[in-house]
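The structure under discussion appears below in the form of structure tokens.
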């Protein structure tokens, strides 16, 4: 039977929602009923997967904070893509509400399911209702769906698109870090793995992270070893770099045929992300750019999505005249 996902209210479909969650969480996973029901249900947005006969097969909810949860599919209907469709409906509704991010507490054993959908781990593992969980999030300003229009630059430095190259399949575990040193080492690893292109978004051109000799040398080494190397760096404010000077900007001036730095006119907030991607193979991410807690991963799907986001922003960027005033 055909299945479709609909947005409902608690008042409309309380019985169906409770039946699914009771079976999956209370019966199968032995969650205490007192933990399952809360005061968010009456005011949350709920989503039901219904078949043609009107039977409810799965559910999810989105609360005002942006948290997606209570994702459940009845056992006999699993493996049919219902979870993906419920999750996509919740994310789409969050976008429609102009939320800047969505987050969730993923049961640890299904981390790959959420990662495939565009979520990244943003903190350490913890226990909730007796089950191991991981905090994961998706920044909605990042377009985790391929755009319908061509967002590639009008003038490309190389005639062949990176998408035309066949990359070796990658299936490696994510490397998480939680310190400045770890973030720096992971970024250097990405630069050492790069073959042709490195795109970096750093809102303030982080001095502690980027204005450091090992990082600058890694950028320089990549530019020297790859004849067709292309490095693009996008920032949202150059004020600190102008005031303090920056070795990476000096390198860009020396290697201006391979390194470009541009400015994207967007407000920097406490939740702004920083990320880098190498070719179509590796990405590096700080979900909150001022906190050195993030991930480095060889994941082609997510790398491509980060790259699409970067190119879309790059198309709207421009040269920053303030960088010409930079003290070196």
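Numbering (our numbering), first residue to last: 14 to 341. Quick reminder that beta carbons are idealized off the backbone N, C-alpha and C, glycines included.
Which same chain residues end up closer than 7 Å to residue 196 when comparing Cβ atoms and leaving out the 5 residues on each side of it in sequence?
Closer than 7 Å at Cβ, skipping near neighbours: 190, 222, 299, 305, 307.
Please state if the CB of residue 121 and the CB of residue 138 are separated by a distance shorter than 8 Å.
Their beta carbons are under 8 Å apart, which means residue 138 touches residue 121 by this criterion.
According to DSSP, simplified to helix, strand and coil, what is residue 201?
Here residue 201 sits in helix by DSSP.
By a C-beta neighbour count over all protein chains shown, 10 Å radius and 16 as the cutoff for buried, is residue 96 buried or exposed?
It is buried - the Cβ of residue 96 has at least 16 other Cβ atoms within 10 Å.
In whole angstroms, give me the CA-to-CA distance for residue 231 and residue 249.
If you take the alpha carbons of residue 231 and residue 249, they lie about 23 Å apart.
Report the option in 272, 80, 21, 312 whose CA atom is closest to the CA atom of residue 148.
Taking only the C-alpha atoms, the option nearest residue 148 is 80.
Do the region 71-79 and the region 100-116 make contact, defined as three or more Cβ pairs closer than 8 Å?
A contact exists between the region 71-79 and the region 100-116.
According to DSSP, is residue 276 helix, strand or coil?
Strand, per DSSP.
Could you check the C-alpha separation between residue 303 and residue 262 for me, to the nearest Å?
Taking the straight line joining both Cα atoms gives about 20 Å.
Locate the alpha helix (DSSP H) running through residue 212, then write down its first and last residues.
Segment 210-214 is the beta strand (DSSP E) holding residue 212; no alpha helix (DSSP H) there.
DSSP puts residue 85 in a beta bridge; with which residues?
According to DSSP, which records beta bridges pairwise, residue 85 is partnered with 72.
In the DSSP assignment, find the beta strand (DSSP E) that holds residue 309 and state where it starts and stops.
Segment 307-311, the beta strand (DSSP E) holding residue 309.
Output the distance between the C-alpha atoms of residue 324 and residue 146, rounded to the nearest integer angstrom.
Between residue 324 and residue 146, the C-alpha separation is close to 33 Å.
With a threshold of 7 Å, establish whether the CB of residue 249 neighbours any heavy atom of the ligand HEM.
Looking for the ligand HEM in the displayed structure turns up nothing, as the structure carries no ligands at all.
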